[in-house]
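Structure follows, in structure tokens:
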């Protein structure tokens, strides 16, 4: 660590993301995955999570029962990785010309590296990686280290008619990185991982300037060493980057305390086709006319390459405490959340899961014996018998308090009062912490059950308080009705949670899983259901997306949420800022 002449802190360099630690055809770390044991239990390998190493005897039997699938008989042998990888379309002359812009060591055409840069983490992309592969991927990957190098790369692309694909953590679930066969230009993936430094921390003004390639888990650790946090923790934060958060207009699970990305962002540097977009000075707020900073949020790499940003910081919280409450019904839980928002004393994170997701969370518990088994039986008896909760209708709310001790105690008192009003029973800090295990475990579960013929994915929306109950009910019914038309012998897995609170509404997160049986094109079957769900969300008053974004996955729905003039305005910005269409592939 250094102290600059301005009194700012200059932290040590962050680790550069290492692909050898990451899974190749699945989510997450390479040393972490669910596996089926000989006794029928499931276990998470590695030692990175609280679940790691535990035997979970109930998970697979429960999923089998819910989906009416014999998983033992449904196991699909894993095909060898990698699948067939298309050859690069960039010739030696192209690479030689690019080497005059950046060092040769910053350029690669390695097939496996190119493959990683040609996909995100939709269920269709992961399924393709495990089966027939991807028909089109980037031709070259380049790793800039400075904003000046990014400017030179963009100028090179303009001169040689190259398609640029900005790459952060590759965690998107909107087909933003999918390369269509119709893109005939050389595709150059611009990987920002080497631009990952915290350039400075201003301890007095609680701000920091951070390069776009900083990965969430490394960033949180580095800021924490100096007593600060951004507080921005999307479910993908272990692998996603600051630049990706800005480009997708992201939201983190602790937004109640720290805000969404738009509330944290003070300035952003973006290299566009016409040069560097930036501003001075960086102040808490200004009024300078139409603000390019706001155009960049949610631009999904289509307007330029984000290189760095100035963000707000907060001191690390003095106190941090998990909590959990169970309610007899989803309605009781929603009423509790609504009243909680009106108090102004909302914990950093509040999530309400429906009964199906509550049941799933209970399967992520190891088998127990002795005193622990007696305790678990007593807890079940107390809730279902003494309190009269029905096992197939009860729901759970998990909470995370952060702040000084007075803030946390005040929030806890408010939560206790309102929970009592709606018949809630506190389940304690330990169960609250375990409830959040699904945050990091669900993607690993998704990729595990894919090996048994199950395709599963999440999708989200924002909806008013008035419509939240009806929207969830309508989407679930629509999916059941659509699934019945497909002729599959299994049952779908459908669940929802309220995951973010606002004064005027909530963010709802859905999970949908299907066993595709002998379907000839399994991902096409899943896409039919996903489109039906999105159609029903819009009909029920929900948004097209809360934080995942649009990409190619939801582009067809844009005319239903934006007027013709709004669409023309958006397209006009693209054409004005990027007249050659350098950024992003061209679909035809």
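In this note's numbering, the protein residues as written are 420 to 1007.
Yeah, the Cβ is synthetic: ideal placement off N, Cα and C, and Gly gets one too.
Here the structure is a predicted model, which is why all the values come from computation and not from measurement.
A distance below 7 Å between beta-carbons, with the five flanking residues on each side excluded, links residue 602 to the following residues of its chain, in chain order: 555, 582, 1004, 1005. Shown here for residue 448: same chain residues with a beta carbon closer than 7 Å to its own, the five before and five after excluded, namely 440, 441, 442, 465, 467 in chain order. For residue 629, the secondary structure class from DSSP, reduced to helix, strand or coil, is strand.
Take the alpha-carbon of residue 974 and the one of residue 950: they are about 11 Å apart. Taking residue 691 as reference, the option from 584, 919, 903 with the minimal CA-CA separation is 584. In this chain, residue 935 is not harboured by any beta strand (DSSP E), its DSSP state being neither H nor E. Ranked by Cα distance from residue 745, the options 854, 620, 552 are led by 854. Proximity of the segment 653–672 to the segment 743–761 falls short of the contact definition, fewer than three beta-carbon pairs being nearer than 8 Å. Residue state for residue 732 is assigned as coil, using DSSP reduced to three classes.
Taking C-alpha positions only, residue 969 is separated from residue 591 by approximately 10 Å.
For residue 661, the closest alpha carbon among the candidates 702, 616, 672 is that of 616. Contact between the segment 927–939 and the segment 885–904 is present, with at least three C-beta pairs closer than 8 Å. At least 8 Å separates the beta-carbon of residue 573 from that of residue 513. Secondary structure at residue 601: coil, using DSSP grouped into helix, strand and coil. Note on residue 544: 16 or more other CB atoms within 10 angstroms of its CB, so buried under the neighbour-count rule.
From the listed residues 784, 811, 876, 785, the smallest Cα separation to residue 775 is found for 811.
In this structure, the straight-line span from the alpha carbon of residue 726 to that of residue 570 is close to 10 Å. Counting only residues of its own chain and dropping the five nearest sequence neighbours on each side, residue 487 has a CB closer than 6 Å to the CB of 909, 910. Pairing residue 769 with residue 780 gives a Cβ-Cβ distance that is not under 8 Å. With contact defined as three or more Cβ pairs closer than 8 Å, the segment 660–674 and the segment 532–549 are not in contact. Secondary structure of residue 741 (DSSP, three-state): strand. Note that the segment 453–463 does not touch the segment 514–530; fewer than 3 beta-carbon pairs, one per stretch, sit closer than 8 Å. If you check the CB distance, residue 912 and residue 485 come in under 8 Å.
Secondary structure note for residue 883: it is in no alpha helix (DSSP H), and the uninterrupted beta strand (DSSP E) holding it is 873–883. Nearest to residue 739 by C-alpha distance, out of 965, 808, 431, 830, is 830.
Looking at the DSSP output, residue 585 shares a beta bridge with 609.
Contact annotation, residue 884 with residue 839: C-beta distance approximately 21 Å; criterion of less than 8 Å not satisfied. The C-beta separation of residue 446 from residue 866 comes to about 5 Å, placing the pair in contact by the 8 Å criterion. In the three-state DSSP reduction, residue 930 falls in the strand class (E or B).
Between residue 509 and residue 561, the alpha-carbon positions lie close to 13 Å from each other.
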